[in-house]
């Protein structure tokens, strides 16, 4: 949705499932807004495409539904560029984008 931007702070956590990955939990208030708009934003399975920025690094990804909220995947390239690790506390700017 054009013009809808979320800014929040969160810590990076590591999911050690069959396909390990790093995430940041989207805060409850932002998750509630996204959930209300999910029918218009999601392209299936509840995932929502977004453009995100941490520091000087911007990337596109899709939010994953998790525990009545959303998790923002943080690519390895982003973590390397910003020198981040599990437990790092970061400021995020994020906006929903059109479905791929």
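In my numbering, the protein residues as written are 218 to 317. Just so it is clear, CB atoms sit at the ideal spot from N, CA and C, and this is done for glycine as well. Computed from a predicted structure; not experimentally measured.
According to DSSP, residue 276 sits in a beta bridge with which residue or residues? As a working mapping, residue 276 is identified with position 59 in the chain shown. 269.
First through last residue of the alpha helix (DSSP H) which encompasses residue 295: Working through the chain shown from its first residue, we reach residue 295 at position 78. Its alpha helix (DSSP H) spans residues 293-299.
Identify, in the order they occur along the chain, each residue of the same chain with its Cβ nearer than 6 Å to the Cβ of residue 234, setting aside the five sequence neighbours on each side. As a first step, residue 234 must be located in the chain shown, where it is residue number 17. Answer for residue 234: no residue qualifies.
Identify which residue in 299, 315 and 249 has its Cα closest to the Cα of residue 288. Along the chain shown, read from residue 1 onward, the residue named residue 288 stands at position 71. Of the listed residues, the one whose Cα sits closest to residue 288 is 249.
Under the three-state reduction of DSSP, which class applies to residue 284: helix, strand or coil? Taking the chain shown and counting its residues from 1, the one referred to as residue 284 is at position 67. Note: residue 284 maps to coil in three-state DSSP.
Which value, in whole angstroms, describes the spacing of the CA atoms of residue 304 and residue 228? Indexing the chain shown from 1 puts residue 304 at position 87. Indexing the chain shown from 1 puts residue 228 at position 11. The C-alpha of residue 228 is placed about 5 Å away from the C-alpha of residue 304.
Which one or two residues does DSSP pair with residue 226 in a beta bridge? Sequence index remark: in the chain shown, residue 226 carries index 9 (1-based). DSSP, once it has assigned bridges, lists 308 as partnering residue 226.
Give a yes or no on whether the C-beta atoms belonging to residue 274 and residue 294 are separated by under 9 Å. Looking up residue 274 in the chain shown gives position 57. Looking up residue 294 in the chain shown gives position 77. The beta carbons of residue 274 and residue 294 sit closer together than 9 Å.
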